[in-house]
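Student: Next up is a structure, given as structure tokens.
Numbering (my numbering), first residue to last: 49 to 201.
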């Protein structure tokens, strides 16, 4: 991946999200990150370009494009739509779900985000942690082509 100028958000710095965050930072992105596990976030304190915030809403206050990489559909729903969720952020314009959320839950979340003027891409990945470590994941994307084109770099 060529270095790009960007500031994006990422919620979920677990087994997969850690590698997403690391690769984005290594390729020149400024990254606003959140995870409920403070220990996971500490790994990014020394990375140039990493801004750690303390809620999904704060991520969406700082970044126009926000990725989520979360363990379960219920957690995705809380992060996206909950009381302190991404939907309440001031800056987010595009939401990209890298989790395996499932069609029904993904549609419900997308409908509410779209109602609020936020574009959505459902983008689960395949290849597991080894693929994330190596940068060889298969990414499956569903959503408007113009949104995909904007986010692809």
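Cβ coordinates follow ideal geometry from the N, Cα and C atoms, glycine included.
It should be emphasised that the depicted structure is a prediction, and the values quoted were computed from it without experimental measurement.
1. Is residue 145 helix, strand or coil by DSSP?
2. With C-beta atoms as the reference, is residue 81 less than 9 Å away from residue 58?
3. Taking C-beta to C-beta, are residue 139 and residue 99 nearer than 9 Å?
4. In three-state terms, what does DSSP make of residue 61?
5. Quick check: what's the CA-CA separation for residue 163 versus residue 144?
6. Which runs of the alpha helix (DSSP H) at least 4 residues long sit entirely within the stretch 82-151? Give them in chain order.
7. Do residue 64 and residue 189 have their C-beta atoms within less than 9 Å of each other?
8. Indicate the three-state DSSP secondary structure (helix, strand or coil) for residue 177 in the structure shown.
9. From the DSSP output, in three-state form, read off residue 187 for me.
10. Using three-state DSSP, classify residue 166 as helix, strand or coil.
11. With contact counted as at least three CB pairs below 8 Å, one residue from each stretch, are the stretch 156-175 and the stretch 91-107 in contact?
12. On the DSSP bridge list, what partners appear for residue 80?
Tutor: So, from the listed chains and residues:
1. Here residue 145 refers to the residue found at position 97 of the chain shown. Residue 145: strand per DSSP, three-state reduction.
2. Working through the chain shown from its first residue, we reach residue 81 at position 33. Working through the chain shown from its first residue, we reach residue 58 at position 10. The answer is yes: Cβ separation under 9 Å.
3. Indexing the chain shown from 1 puts residue 139 at position 91. Indexing the chain shown from 1 puts residue 99 at position 51. Taking 9 Å as the Cβ cut-off, residue 139 and residue 99 do not qualify as a contacting pair.
4. As a working note, residue 61 is residue 13 in the chain shown. Three-state DSSP puts residue 61 in coil, outside helix and strand.
5. The residue given as residue 163 occupies position 115 in the chain shown. The residue given as residue 144 occupies position 96 in the chain shown. Straight-line Cα distance between these residues: approximately 16 Å.
6. 86-90, 104-110, 121-129
7. Within the chain shown, residue 64 is the residue found at index 16, counting from 1. Within the chain shown, residue 189 is the residue found at index 141, counting from 1. In this structure, residue 189 does not lie closer than 9 Å to residue 64 by Cβ.
8. Residue mapping note: residue 177 aligns to position 129 of the chain shown, counting from 1. Three-state DSSP puts residue 177 in a helix.
9. As a first step, residue 187 is located in the chain shown; it is residue number 139 there, counting from the start. Three-state result, residue 187: strand.
10. If you number the chain shown from 1, residue 166 lands on position 118. In this structure, residue 166 counts as coil in the three-state DSSP scheme.
11. no
12. Counting from one through the chain shown, the residue named residue 80 turns up at place 32. Residue 80 pairs with 57, 99.
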